[in-house]
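Structure first, commentary second.
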């Protein structure tokens, strides 16, 4: 059984622009190697030459806790006001736990008191803190919280969410709690490599349509909006993360057109600008609630949209939705560094589908769910990434 990677400098490196770090230290650990995926990959160069090393990284899409999902968690817990989300991930837990580091996307705020929770019929979310317990026990090391729901509970909700992550010792990437710490960049160490996780959203307000409004009482949140900072700002942050010790830089981007399986020209342009540099190694896309293609740029991967990993979205619930909203993917990227510092990448995937009965996330195979498997496979590899499937 693998050991958890250590969270470098505690739970996060904060306010990279100021080169400060203030989170408490977490006990260190070193992850053991996992079985390597196999596909044709490209190469990039790490921040500095060093001993040969291998690191595997897993990633999944949106954890979007609708009221029906919360009710399923309450049923699993067996008591009103108690919640257990772990059974929803039981069928995919082995794939989440296998990589040295696994990352998720937290779409909604989390509440430490389990009060003022999401209500039916409105798109303002607040999720019981027990979800983060399930995240940790399932095998994710961290998540990003760069979302159009970041401001659903205001500044107090953002700070509460960060506290929930920190108390659970789960890595957090996204907007920071104050002007002194405007952004959080999670840093993980495993197998002799350090990974930085940066995250940006197209907005923090749950308004219809793109906007770059910044809260009056949290102006620093503009630093977490990719339309404001642009590719140059992200690359500057990535370079600073490398200066803080990162060998690999992963960027999560909340972007794209909802329910559309093709990336927008804006997504393509930003991905090219980031991956054409030596600063960014991998892009993980969220927000659109459907799987979008993978592309290789400069030998490195961008997954434009990882889909819904957990949600209640489905045409069975809302006839205006498409079947793809029930689908997601587990991706795994294997990084190998040689003695010169050159890093090669390989990637693999497994489609998933949410079973609305109990909201169990199920792996999709040609035998268990051929429709989802074929659709996700064709979409994900539409640009010829050359991925293989995870067992």
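Residue numbers (mature numbering (1 follows the signal peptide of the UniProt record, and there is no 0)): -17 to -1, 1 to 374. Even for Gly, the Cβ is constructed at its ideal location relative to N, Cα and C.
C-beta contact flag for residue i and residue j at 7 Å
{"i": "residue 287", "j": "residue 275", "result": "yes"}
{"i": "residue 88", "j": "residue 127", "result": "yes"}
{"i": "residue 84", "j": "residue 173", "result": "yes"}
{"i": "residue 237", "j": "residue 184", "result": "yes"}
{"i": "residue 169", "j": "residue 156", "result": "yes"}
{"i": "residue 363", "j": "residue 331", "result": "no"}
{"i": "residue 313", "j": "residue 333", "result": "yes"}
{"i": "residue 52", "j": "residue 342", "result": "yes"}
{"i": "residue 107", "j": "residue 135", "result": "yes"}
{"i": "residue 124", "j": "residue 171", "result": "yes"}
{"i": "residue 214", "j": "residue 181", "result": "no"}
{"i": "residue 77", "j": "residue 147", "result": "no"}
Residue(s) in a DSSP beta bridge with residue i
{"i": "residue -12", "result": "172"}
{"i": "residue 338", "result": "343"}
{"i": "residue 94", "result": "111"}
{"i": "residue 407", "result": "Only positions -17 to 374 of the chain appear in this structure, which leaves residue 407 out of reach."}
{"i": "residue 87", "result": "126"}
{"i": "residue 235", "result": "182 and 267"}
{"i": "residue 314", "result": "42 and 332"}
{"i": "residue 290", "result": "311"}
{"i": "residue 362", "result": "None; residue 362 has no bridge partner."}
{"i": "residue 274", "result": "289"}
{"i": "residue 157", "result": "128 and 167"}
{"i": "residue 49", "result": "Paired residue(s): none; residue 49 is not in a bridge."}
{"i": "residue 256", "result": "Note: residue 256 sits in no beta bridge, so no partner."}
{"i": "residue 371", "result": "331"}
Of the residues the options, the one placed nearest residue i, counting alpha carbons only
{"i": "residue 375", "options": "129, 350 and 35", "result": "Given a span of -17 to 374 for the chain in the structure shown, any question on residue 375 remains unanswerable."}
{"i": "residue 137", "options": "293, 158 and 179", "result": "158"}
{"i": "residue 176", "options": "335, 320 and 234", "result": "320"}
{"i": "residue 117", "options": "266, 93 and 329", "result": "93"}
{"i": "residue 323", "options": "207, 101 and 230", "result": "230"}
{"i": "residue 122", "options": "36, -13 and 299", "result": "-13"}
{"i": "residue 35", "options": "357, 327, 350 and 339", "result": "327"}
{"i": "residue 196", "options": "131, 145, 226 and 248", "result": "131"}
{"i": "residue 71", "options": "104, 105 and 115", "result": "115"}
{"i": "residue 97", "options": "86, 75, 111 and 304", "result": "111"}
{"i": "residue 365", "options": "289, 245, 251 and 306", "result": "245"}
{"i": "residue 289", "options": "160, 202, 267 and 301", "result": "267"}
{"i": "residue 210", "options": "250, 190 and 55", "result": "250"}
{"i": "residue 141", "options": "302, 198 and 301", "result": "198"}
Cut-off 6 Å between Cβ atoms - residues of its own chain near residue i, not counting five sequence neighbours on either side
{"i": "residue 60", "result": "66 and 67"}
{"i": "residue 263", "result": "221, 232, 234 and 257"}
{"i": "residue 119", "result": "151 and 153"}
{"i": "residue 206", "result": "165 and 166"}
{"i": "residue 80", "result": "122"}
{"i": "residue 19", "result": "Bear in mind that a pLDDT of 27 at residue 19, under 50, signals an unreliable position, so the number given afterwards is only what the model happens to contain. Here the set comprises 317."}
{"i": "residue 203", "result": "162 and 165"}
{"i": "residue 91", "result": "48, 108, 110 and 132"}
{"i": "residue 281", "result": "258 and 259"}
{"i": "residue 208", "result": "195"}
{"i": "residue 375", "result": "The requested residue 375 does not occur in the structure, where the chain is confined to residues -17 to 374."}
Same chain, Cβ closer than 8 Å to residue i, five either side skipped, listed in chain order
{"i": "residue 291", "result": "44, 45, 47, 272, 273, 308, 309, 310, 311 and 337"}
{"i": "residue 63", "result": "57"}
{"i": "residue 82", "result": "17, 39, 40, 41 and 315"}
{"i": "residue 225", "result": "30, 179, 232 and 262"}
{"i": "residue 104", "result": "none"}
{"i": "residue 351", "result": "345"}
{"i": "residue 73", "result": "343"}
{"i": "residue 55", "result": "71, 341 and 342"}
Beta-carbon separation (whole angstroms), residue i vs residue j, contact threshold 8 Å
{"i": "residue 316", "j": "residue 40", "result": "5 Å"}
{"i": "residue 242", "j": "residue 368", "result": "Contact doesn't hold; Cβ gap of about 22 Å is too wide."}
{"i": "residue 335", "j": "residue 345", "result": "6 Å"}
{"i": "residue 101", "j": "residue 50", "result": "6 Å"}
Close beta carbons around residue i, own chain, < 7 Å, minus the five adjacent residues each side
{"i": "residue 260", "result": "218"}
{"i": "residue 200", "result": "138"}
{"i": "residue 22", "result": "For residue 22, the pLDDT reaches just 35, beneath the cut-off of 50, and the residue's location in the model is therefore unreliable, although a value from the coordinates is still provided. Cβ neighbours of residue 22 beyond the five flanking positions: 329, 330, 331, 369, 370 and 371."}
{"i": "residue 348", "result": "356"}
{"i": "residue 299", "result": "339"}
{"i": "residue 193", "result": "185 and 186"}
{"i": "residue 216", "result": "none"}
{"i": "residue 75", "result": "313, 335, 344 and 346"}
{"i": "residue 306", "result": "298"}
Residue i Cβ short of 6 Å to the ligand NAP heavy atom set
{"i": "residue 230", "result": "Because no ligand of any kind appears in the structure shown, any question about the ligand NAP cannot be addressed here."}
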